[in-house]
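Only one structure is covered here, and it is reproduced in the block below.
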């Protein structure tokens, strides 16, 4: 019995170490590109409080509040419920944060960058959006609003409601990507990239969901090209 318990402790410890390593992975590998996270300047890394939420963010079609150090977003409707930072974040940026769904909600943890909000029609305009367990059938996805002609997704993530995910999403001149817990889940190249000097807003989205977020930061992407080739196998 003691051996079984000890073995169980080893397994639990190993899983914890792996999870920690994934969360703190510094090199993000894409097709023909590498991002060294520690070399990417931090543009935003402020504690999310009730006061900072009120002063620095704008809420659209949803409720957002801070509770026990977590930024909560709740939106029961089938539309983007957003909180958008008031500052501009131009250029190639990535957004990094921890997030989970809040029971009984089971889907849609979403983030926006290179975006805008159209006040005259009160809806999101041009933007990239990426997320977990969305697109109505439980997909990891990336899309470009408002026309949604660029939209990619995969159902292959075994998403667990309530589980904490460390998410990194962004783009390099239209080369969009999303990671979760150290794993690249999806990347796609927009043939008509958003003008990231013109569309500069960053935000979070709850889509018919209740989510919570912490450790939210925005980085300017620094990357290097990588030559990719196969080594002969025979």
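Numbering (the working numbering), first residue to last: 321 to 554.
Here a beta-carbon is modelled for each residue, glycine too, at the ideal position from N, C-alpha and C.
Keep in mind the model is a prediction, meaning the values are calculated, not measured.
Among the options, nearest to residue i - alpha-carbon criterion
i, options, result
"residue 403", "544, 411, 458, 376", "376"
"residue 524", "356, 539, 357, 382", "382"
"residue 355", "366, 471, 465, 412", "412"
"residue 476", "353, 500, 513, 352", "500"
"residue 424", "442, 449, 483, 446", "483"
"residue 421", "392, 442, 400", "392"
"residue 364", "529, 544, 535, 513", "535"
Assumed close pair residue i, residue j - CB separation to whole angstroms, cut-off 8 Å
i, j, result
"residue 490", "residue 414", "3 Å"
"residue 373", "residue 362", "Residue 373 to residue 362, Cβ: 19 Å. No contact."
"residue 406", "residue 378", "6 Å"
"residue 519", "residue 401", "About 20 Å separates the two Cβ atoms, so there is no contact after all."
Span separating the alpha-carbon of residue i from that of residue j
i, j, result
"residue 456", "residue 554", "45 Å"
"residue 548", "residue 505", "19 Å"
"residue 478", "residue 452", "10 Å"
"residue 444", "residue 473", "20 Å"
"residue 343", "residue 466", "Because residue 343 carries a pLDDT of 46, less than 50, the predicted location of this residue cannot be relied on, and the following value inherits that uncertainty. When rounded, the distance between both Cα atoms is 32 Å."
"residue 533", "residue 394", "12 Å"
"residue 538", "residue 433", "10 Å"
"residue 371", "residue 409", "21 Å"
"residue 264", "residue 488", "Since the first residue of the chain shown is 321 and the last is 554, residue 264 is not available in this structure."
"residue 440", "residue 380", "13 Å"
"residue 345", "residue 353", "16 Å"
"residue 496", "residue 546", "17 Å"
Assigned exposure category for residue i - 16 Cβ within 10 Å defines buried
i, result
"residue 397", "exposed"
"residue 515", "exposed"
"residue 463", "buried"
"residue 416", "buried"
"residue 481", "exposed"
"residue 389", "exposed"
"residue 430", "buried"
"residue 522", "buried"
"residue 428", "buried"
"residue 359", "exposed"
"residue 459", "buried"
If we require 3 or more residues per run, which beta strand (DSSP E) segments fall completely within the region 457–530? 459–465, 471–474, 485–492, 495–500, 503–509, 521–526
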